[in-house]
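Enquirer: Sequential numbering of the sequence shown, starting at 1, is according to the working numbering. The beta carbon of each residue, even a glycine, is placed where N, CA and C say it ideally should be. I'd like to ask you about the structure that follows.
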Amino acid sequence: MLIFIDESWQISDRNPDKKVGVLSAVAIRSTDFNEYSRQLWNFKVKHLGNRCGDVEIKGSTIFKKYFLRLEWKGIRSHQLNLARDVFDYASTHGAKAFASIVLDDNEVDLSCADSKQLERPFFFLFERINTYMEENYPDLMASLIFDDRGITQNERISKSVSNFFHLSNIGKSFDRIIKAPFFAISSENVGIQIADMIGHVIARRSTGDEKILDEFWQKTKQLEYKSKKEIEADGKSFHLFGFKIARNHRQGSNENETGGLSN
Numbered sequence: 001m002l003i004f005i006d007e008s009w010q011i012s013d014r015n016p017d018k019k020v021g022v023l024s025a026v027a028i029r030s031t032d033f034n035e036y037s038r039q040l041w042n043f044k045v046k047h048l049g050n051r052c053g054d055v056e057i058k059g060s061t062i063f064k065k066y067f068l069r070l071e072w073k074g075i076r077s078h079q080l081n082l083a084r085d086v087f088d089y090a091s092t093h094g095a096k097a098f099a100s101i102v103l104d105d106n107e108v109d110l111s112c113a114d115s116k117q118l119e120r121p122f123f124f125l126f127e128r129i130n131t132y133m134e135e136n137y138p139d140l141m142a143s144l145i146f147d148d149r150g151i152t153q154n155e156r157i158s159k160s161v162s163n164f165f166h167l168s169n170i171g172k173s174f175d176r177i178i179k180a181p182f183f184a185i186s187s188e189n190v191g192i193q194i195a196d197m198i199g200h201v202i203a204r205r206s207t208g209d210e211k212i213l214d215e216f217w218q219k220t221k222q223l224e225y226k227s228k229k230e231i232e233a234d235g236k237s238f239h240l241f242g243f244k245i246a247r248n249h250r251q252g253s254n255e256n257e258t259g260g261l262s263n
């Protein structure tokens, strides 16, 4: 199973001090990936032109407010029609979405600054991916493929993720995930591009664009993972959903939740 992971950041138009980070992921079966790549190439040609098959889909471009406002006036947008085709194809071909929505100023940059302390957004994402694999593909392994953020940031992510999986007790228990991350160039990888679309929609909605992006929020929600079994915690039973809000985190609180290595 291929798990493509991207990061997205948005600042609220109404409150410039409010910054939201989203660590988003999409799961695509490895046997389906080549067909995904071909189909998205064809969608790009269909909506953007014959020479646009290799154009990178970016959420910040495809979901510009200009295109959304055009449609409010009854003028269909090629970019938004492309987004519709991509989301609908992913929904009908088994893709599942995961995301950590980050509100804490200390974690919003998703920087993995401490190699011995996995940041909560990454932990929440891995927790859900591992559960998804256990429930649906217990004999397979998930490969984590991150968007390339440059040598320095890639190294930080790699060290933090690898240390978590090899040194922390809870990380060791996530045995449906290959314990070394991979990195990919987004312009050449449709999996990263889909993850970027998902993350952008979630981030925009989290900063106040609920109404203008509602159609695409609903399509994003259709992709969201939901656990088959209920999970017991604090005396309550609930399903584990793919999207998790990482709210403000108090210093010195539960280390296990944040993937600390001291457990």
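Report yes or no: do three or more beta-carbon pairs, one from the stretch 19-26 and one from the stretch 96-111, lie closer than 8 Å?
Expert: The stretch 19-26 vs the stretch 96-111: in contact.
Enquirer: Going by Cα to Cα distance, which pick from Gly171, Asp214, Glu127 and Glu232 is closest to Asn84?
Expert: Taking the sequence shown and counting its residues from 1, one reaches residue 84 at position 84. According to the sequence as given, residue 84 is Arg; it is not Asn. It is Asp214.
Enquirer: By the 10 Å Cβ neighbour count, where 16 or more other Cβ atoms means buried, how is Arg38 classified, buried or exposed?
Expert: For this step, residue 38 is matched to residue 38 along the sequence shown. It counts as exposed.
Enquirer: Taking 8 Å as the cut-off, decide whether the C-beta atoms of Phe4 and Val26 are in contact.
Expert: The sequence position of residue 4 within the sequence shown is 4, counting from 1. The sequence position of residue 26 within the sequence shown is 26, counting from 1. Yes, the Cβ-Cβ distance between Phe4 and Val26 is below 8 Å.
Enquirer: Kindly indicate which three-state DSSP category Val108 falls into: helix, strand or coil?
Expert: Translated into the one-based positions of the sequence shown, residue 108 becomes position 108. Coil.
Enquirer: Is the CB-CB distance between Met197 and Ile11 below 8 Å?
Expert: In the sequence shown, residue 197 corresponds to position 197, counting from 1. In the sequence shown, residue 11 corresponds to position 11, counting from 1. No, these two residues do not count as a Cβ contact at 8 Å.
Enquirer: Pull up the distance between the alpha-carbon of Arg51 and that of Leu40, whole angstroms please.
Expert: Position 51 of the sequence shown holds residue 51. Position 40 of the sequence shown holds residue 40. Distance between the alpha carbons of Arg51 and Leu40: 13 Å.
Enquirer: In its own chain, which residues sit with a C-beta less than 8 Å from the C-beta of Ser115, not counting the 5 before and 5 after it?
Expert: As a working note, residue 115 is residue 115 in the sequence shown. Cβ within range, chain order: Arg156, Lys159, Ser160 and Asn163.
Enquirer: Distance check for Thr220 and Ala113, CA to CA, integer angstroms please.
Expert: For the purposes of this step, residue 113 is identified with residue 113 of the sequence shown, where counting begins at 1. For the purposes of this step, residue 220 is identified with residue 220 of the sequence shown, where counting begins at 1. In a straight line, the C-alpha of Ala113 is about 30 Å away from that of Thr220.
Enquirer: Within 10 Å of its beta-carbon, does Trp141 have 16 or more other beta-carbons around it, so buried, or fewer, so exposed?
Expert: Counting from one through the sequence shown, the residue named residue 141 turns up at place 141. Here residue 141 is Met; the residue named in the question, Trp, does not match the sequence. The residue is exposed, with fewer than 16 neighbouring Cβ atoms inside 10 Å.
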